[in-house]
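A short write-up of the structure that comes next.
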Amino acid sequence: MKNHSSALAAKVAAVNAANAEVNRLAPLYRALFAEYIGQKVTKADGSLLAKIQARLPASSLQVFSPHVGCFVVKTYEQSNGIAYYAEPYFYAFTVNRQTGFAEALQWDFEPYRADYTPEAIQALRQKTAAAEKAFDDAKSELGTFGMYDR
Numbered sequence: 000m001k002n003h004s005s006a007l008a009a010k011v012a013a014v015n016a017a018n019a020e021v022n023r024l025a026p027l028y029r030a031l032f033a034e035y036i037g038q039k040v041t042k043a044d045g046s047l048l049a050k051i052q053a054r055l056p057a058s059s060l061q062v063f064s065p066h067v068g069c070f071v072v073k074t075y076e077q078s079n080g081i082a083y084y085a086e087p088y089f090y091a092f093t094v095n096r097q098t099g100f101a102e103a104l105q106w107d108f109e110p111y112r113a114d115y116t117p118e119a120i121q122a123l124r125q126k127t128a129a130a131e132k133a134f135d136d137a138k139s140e141l142g143t144f145g146m147y148d149r
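For reference, each letter of the sequence shown is one residue, going 0 to 149 in numbering that gives the first Met the number 0.
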């Protein structure tokens, strides 16, 4: 087994932690906002009503909303003084921009992977490099013919 860099290990740890938290929070948020479908959920400035904000599930990681209905879980791991961030997101609902009313999503939540390993990532990087080399070799053989006839 190869010795993987501490940077890769830190990035994998951050991604796994953030993804696991999204997988935990998304169903909770969706259930919470299901109660508000068809109701006004935003103030005039576009932020969530205080009564809803107060009911959001707690998280040990930073959770924020870049726009109404979308939530980002942000975390990081450090390695050698460098922070490696992960910021997966999920949607809990959509909002009618004209009325401010919550609308149900038309798709199911697809859980994020939270079981990455440095070894698996390194293997995928090697596989990608081999595929890129094969592509470059084939493209070189095409020469002046290129991919398309124009």
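Glycine included, every Cβ here is placed at the ideal spot set by N, Cα and C.
Close-in-space but distant-in-sequence residues of the same chain around residue i (CB under 8 Å, 5 per side omitted)
i, result
"residue 56", "24, 27, 28, 31"
"residue 5", "78, 79"
"residue 0", "Residue confidence for residue 0 is low, a pLDDT of 41 falling below 50, so the modelled location carries little weight and cannot support an answer."
"residue 134", "none"
Exposure of residue i, with buried meaning 16 or more beta-carbon neighbours within 10 Å
i, result
"residue 41", "buried"
"residue 145", "exposed"
"residue 68", "buried"
"residue 17", "buried"
"residue 91", "buried"
"residue 130", "exposed"
Residues near residue i in its chain [Cβ-Cβ closer than 7 Å; skip 5 each side]
i, result
"residue 95", "102"
"residue 21", "72, 87, 89, 111"
"residue 14", "85, 115"
"residue 83", "6, 9, 10, 13, 75, 76"
"residue 108", "25, 26, 29, 89"
Extent of the continuous alpha helix (DSSP H) to which residue i belongs
i, result
"residue 124", "117-141"
Own chain residues within Cβ distance below 6 Å of residue i, not counting five before or after
i, result
"residue 39", "99, 100"
"residue 36", "101, 103"
I'd like to know if the stretch 51-69 and the stretch 135-144 are in contact, where contact means that at least 3 CB-CB pairs between them fall below 8 Å.
no
Give the list of continuous beta strand (DSSP E) stretches no shorter than 3 residues that lie fully inside the stretch 33-108.
61-66, 69-78, 81-85, 88-90
If you pair each beta-carbon of the stretch 103-123 with each one of the stretch 45-53, do three or more pairs fall below 8 Å?
no
Runs of 4 residues minimum, wholly inside the stretch 0-26: which ones carry the alpha helix (DSSP H) assignment?
none
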